[in-house]
Amino acid sequence: MGLLAPLLVLTLGRLVAGFTVLAPRSHRGQVLRTQVEDDLREALKKKNEDLSSLTQPELLELDLNKELSPAALAKLTDERPFASLIFSKAVEALDDLYFGSLAPDDAPAPRATREKVVILGSGWGSYAFVSALDADKYDVTIVSPRNYFLFTPMLAGAAVGTVEYRSITQPIREANPGVDYLEATCTDIDTDKKVISCEAVKCAGTQCEIDDFSVPYDHLIIGVGATVNTFGIPGVMEHCNFLKQIEDAAQLRRGIGNIFERANVPGLSDAQRKAALTFAVIGAGPTGVEFCGELCDFIQEDVPRFYPDLLPFVRVKLIEASDRVLMAFDDALQQNALEVLESRRVPARPGSSVAGAAGHGEPLVEVMLKAGVKEVKAEEIVLADNTSIPYGMAVWAAGIGPLPLVLDLTKRVAAQEAGQSVARGRLVVDKWLRVKGAPGVWSIGDCACMEDRNYPAT
1 MGLLAPLLVL
11 TLGRLVAGFT
21 VLAPRSHRGQ
31 VLRTQVEDDL
41 REALKKKNED
51 LSSLTQPELL
61 ELDLNKELSP
71 AALAKLTDER
81 PFASLIFSKA
91 VEALDDLYFG
101 SLAPDDAPAP
111 RATREKVVIL
121 GSGWGSYAFV
131 SALDADKYDV
141 TIVSPRNYFL
151 FTPMLAGAAV
161 GTVEYRSITQ
171 PIREANPGVD
181 YLEATCTDID
191 TDKKVISCEA
201 VKCAGTQCEI
211 DDFSVPYDHL
221 IIGVGATVNT
231 FGIPGVMEHC
241 NFLKQIEDAA
251 QLRRGIGNIF
261 ERANVPGLSD
271 AQRKAALTFA
281 VIGAGPTGVE
291 FCGELCDFIQ
301 EDVPRFYPDL
311 LPFVRVKLIE
321 ASDRVLMAFD
331 DALQQNALEV
341 LESRRVPARP
351 GSSVAGAAGH
361 GEPLVEVMLK
371 AGVKEVKAEE
381 IVLADNTSIP
391 YGMAVWAAGI
401 GPLPLVLDLT
411 KRVAAQEAGQ
421 SVARGRLVVD
431 KWLRVKGAPG
441 VWSIGDCACM
451 EDRNYPAT
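With our numbering, the residue at position 394 of the sequence shown is 394, and numbering never jumps.
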């Protein structure tokens, strides 16, 4: 025993040292947030994304994934003359060459004398704008509850472990070292006084509270994106997972592992295992189809190694209210996506003969079109025709809608009303991205809609 104790201490010490070396960079040298702080942040997020005050018909009208009209689709897919394309690219190149050759000022203007530029959000549009902005000429402030840019196309891959979270994020401060960043949520915009109201979590020791403050601006760029639209369907918020943020992907990854572990315990019937290992993805837009593909890769490549006995029970159901997948895309892409999904098959158990493998070769994905969801319960999904689907995990990817901040601004600015039949709760902007009826305000991304060209939301 006398020899074992020092050896055990030495081994544990090496393990701890190893964990310290391998710790993610984002956690090194930082104090981990308390549960109280995380709870307040989550409460603040929910409050400022809450659309529950709207009726179901109103939520349906605000669906940003609604199918484009044939005229709008034709306008977007019109071929651009080659000469026009070459001319515009040449102008851009000359513009970059000219302004890039200008000698910088000897010294930047004092911050107090610069015009104040406030940017809301840290997504695609905001990140690109901040990266290109000359912070020596303007006093720039970014306001966002997320202090990093998220590469959303890889979010589905992060949810199943294909990529790690740090691989798809970039600190917003690295976009432009000359700008200031406030980790806060904008709750109101006063376009007359040119000031925004914000809320942030403020902590002193282990005590945290929500603090509010205001930020004046000369120019405001709104790039806050969109939020989840549940269309008022009962049970969606309570029982479904989502795929909009890193936290959603982390929750999905944990949930998928937990589901397989729960299904592997003894004493369950085959019917119980099948229900537990049914993954229901609601919504066959880009997010739903992409997650289905990543989930199928995980099932076909990783599950045979770790849970071979559970393979016969695993199924994926893609539920879509319309008659097509990827509704905003062209027919050829829709058909190809449908064929690829329906070609997925349950893999054979490693080491077993293919002929005798239970479940091998059966369809892994069932695409259910014209299947509207009526209610989501704790263990089953009720469809519009009152049929029920038992499930172990439900992922809601059926729609997005405007944030309350944006929706409120469209109602308070009179010039926004005329374009709302097309904008559906987004800010109507001209071809220079200027918000109609709000001087000094611009909008980019999913919270904006061009008055003469309705691009699909991303």
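Here a beta-carbon is modelled for each residue, glycine too, at the ideal position from N, C-alpha and C. Since we're looking at a predicted model, the values are computed, not measured.
8 Å contact criterion, which residue i and residue j should meet: CB distance rounded
i: G288; j: A371; result: No, G288 and A371 are not in contact; Cβ-Cβ is about 13 Å, not under 8 Å.
i: V325; j: V367; result: 7 Å
i: V346; j: L364; result: 5 Å
i: V215; j: I196; result: 5 Å
i: V163; j: L295; result: Incorrect: roughly 14 Å between the Cβ atoms, too far for contact.
i: P404; j: N48; result: 6 Å
i: A284; j: L318; result: 5 Å
i: L40; j: I210; result: 6 Å
i: H470; j: A43; result: Only positions 1 to 458 of the chain appear in the structure, and residue 470 is not among them; the question remains open.
i: G178; j: A135; result: 3 Å
Residues near residue i by beta carbon distance below 6 Å, same chain, minus five either side
i: S122; result: S144, R146, F149 and I172
i: P6; result: Bear in mind that a pLDDT of 36 at P6, under 50, signals an unreliable position, so the number given afterwards is only what the model happens to contain. Cβ neighbours of P6 beyond the five flanking positions: none.
i: A321; result: G372
i: D180; result: T141
i: V314; result: L277 and I299
i: P350; result: P304 and P308
Start and end residues, alpha helix (DSSP H) containing residue i
i: I256; result: I246 to A263
i: K411; result: P404 to R412
i: I221; result: Here I221 belongs to no alpha helix (DSSP H); instead the beta strand (DSSP E) covers H219 to I222.
i: V130; result: W124 to A132
First through last residue of the beta strand (DSSP E) which encompasses residue i
i: M368; result: V365 to M368
i: S296; result: For the record, residue 296 in the displayed sequence is Cys; it is not Ser. Run containing C296: none in the beta strand (DSSP E); it sits in the alpha helix (DSSP H), P286 to E301.
i: R41; result: No beta strand (DSSP E) holds R41; the alpha helix (DSSP H) holding it covers Q35 to K47.
i: P390; result: S388 to P390
i: P171; result: T169 to P171
i: P216; result: Q207 to P216
i: L54; result: First-last for L54: undefined, no H or E at that position.
i: R315; result: R315 to I319
Same chain, Cβ closer than 7 Å to residue i, neighbours up to 5 away in sequence not counted
i: L62; result: N229, G401, P402, R424 and G425
i: E37; result: V201, C203 and C208
i: A276; result: I259, R262, A263 and G392
i: V382; result: K374, E375 and S388
i: F329; result: none
i: Q56; result: F231 and G232
Beta-carbon gap between residue i and residue j smaller than 8 Å
i: G392; j: F279; result: yes
i: A156; j: F298; result: no
i: V281; j: V316; result: yes
i: M450; j: K436; result: no
i: T206; j: C198; result: no
i: I221; j: L120; result: yes
i: A93; j: K137; result: no
i: L433; j: A418; result: no
Own chain residues within Cβ distance below 8 Å of residue i, not counting five before or after
i: Q420; result: T410 and V428
i: T169; result: Y148, F149, L150, F151 and I246
i: D218; result: E115, K116, V117, K194 and G440
i: D50; result: P404
i: K45; result: P145 and T185
i: N241; result: D248, Q251, L252, G255, M393, A394, V395 and W396
i: T113; result: none
Counting Cβ pairs, one atom from each stretch, are 3 or more of them under 8 Å apart for the segment 391-410 and the segment 217-235? Cβ pair count under 8 Å is three or more, so yes.
Is it the case that the segment 435-449 contacts the segment 408-423, given that we only count it when at least three CB pairs across the two stretches are under 8 Å? Contact annotation: the segment 408-423 touches the segment 435-449, with at least three C-beta pairs closer than 8 Å.
Does the segment 307-319 come into contact with the segment 244-256, if we say contact requires no fewer than three beta-carbon pairs (one atom in each stretch) closer than 8 Å? No: fewer than three Cβ pairs fall under 8 Å.
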